[in-house]
Amino acid sequence: RKEADKIDRLVGQPDVNFRQYSGYVTVDPDAGRALFYYFAEAAENSSTKPLVLWLNGGPGCSSIGGGAMTELGPFRINPDGKSLWYNEYAWNTMANVIFLESPAGVGFSYSNRSSDYVTGDKQTALDSYTFLVNWLKRFPGYKTREFYITGESYAGHYKALHANITGSIPGPWQDCNDAVGGNWTDSPDTVSPVIKKLMASGIISVWIYRSAH
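Written out as structure tokens, the structure reads:
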């Protein structure tokens, strides 16, 4: 099944020395719910590098259209819109990275049950957990790797719940770690420093600053 997901070559990509995979992993067969992923193995020594799960926030942001193609993925889209260039600062220079489209309804992920598109953080985390369990059945060589859950923005909610689930429910992984950066976890705590900075920079008035608090 792993080989069925292997990407021979993305359209317009330059030559690279790492393997890529993408496909669907079913998380609820009764509902017909499946999550889509793109996986870039580490460019060097992939057999010893850690495994990273990347989640974009939103809710609703694509981890492939966002994270993979505009931030930390191995490729960027050229201005012609038809070809790619290699990102030398991609995270897969240091790790094996899974970009997961989550929850169902984001990007290429889907469900055959329309009610699944009205979801919550807990279900999103449970689906991500199920995805990971089933993905590791497809890629068993990664079960013993050091494992990191990371993401940005609203993924701060997903990651906390995901880490709690993976840490409390026995799973086919060795370690579960959380990498934090640019996460949205609590509105007042996140917004307050920004408003203070805007006031200190003279962008908003003291009156607006006080009103916001």
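Sequential numbering of the sequence shown, starting at 190, is according to our numbering.
Even for Gly, the Cβ is constructed at its ideal location relative to N, Cα and C.
When the Cα atoms are used, what is the spatial distance from residue i to residue j?
i	j	result
Tyr227	Ser390	41 Å
Glu192	Val307	33 Å
Gln312	Ser304	12 Å
Ile397	Met258	37 Å
Tyr275	Met388	40 Å
Gln209	Ala314	25 Å
Glu260	Lys385	28 Å
Pro329	Ile266	32 Å
Thr215	Gly309	18 Å
Arg327	Ser317	15 Å
Asp269	Arg190	34 Å
Trp202	Ile287	The identity of residue 202 in the sequence shown is Gln, whereas the question assumes Trp. Approximately 19 Å, taken between the alpha carbons.
Among the options, which one has its Cα closest to the Cα of residue i?
i	options	result
Gly262	Ser272, Pro248, Asn285	Asn285
Gly256	Ser235, Val241, Pro268	Val241
Asp204	Ala220, Glu335, Ala232	Ala232
Tyr331	Glu230, Gln202, Ile266, Ala220	Glu230
Arg198	Phe288, Tyr278, Leu273, Trp243	Leu273
Arg302	Pro218, Arg334, Ser236, Pro268	Pro218
Ser211	Gly246, Trp324, Val395	Trp324
Asn234	Ile287, Leu244, Cys250, Thr282	Thr282
Phe427	Ser251, Ser298, Gln202	Look at the range of the chain in this structure, 190 to 402, and you will see that residue 427 is not part of it.
Gly246	Leu289, Thr319, Phe320, Ser394	Leu289
Pro239	Phe264, Ser394, Phe336	Phe336
Trp243	Ala220, Ser236, Ala279, Thr237	Ala279
DSSP has residue i in a bridge; who is on the other side?
i	result
Thr333	Answer is none; Thr333 lacks a bridge partner.
Lys195	Tyr210
Asp217	Arg222
Gly340	Leu244
Val286	Ala229, Val241
Phe264	Tyr275
Tyr299	Ala223
Exposed or buried, residue i, counting other C-beta atoms within 10 Å across all chains shown (16 or more means buried)?
i	result
Gly340	buried
Arg222	buried
Lys271	exposed
Ile338	buried
Val200	exposed
Asn206	exposed
Ser291	buried
Arg334	buried
Gly296	buried
Lys195	exposed
Ser252	buried
Gly392	A quick correction: the sequence has Ile, not Gly, at residue 392. By the 10 Å Cβ count, Ile392 comes out exposed.
Ser400	exposed
Report yes or no: is there a C-beta of chain D within less than 8 Å of the C-beta of residue i?
i	result
Leu289	Reference to chain D is not applicable here, since this structure consists of a single protein chain.
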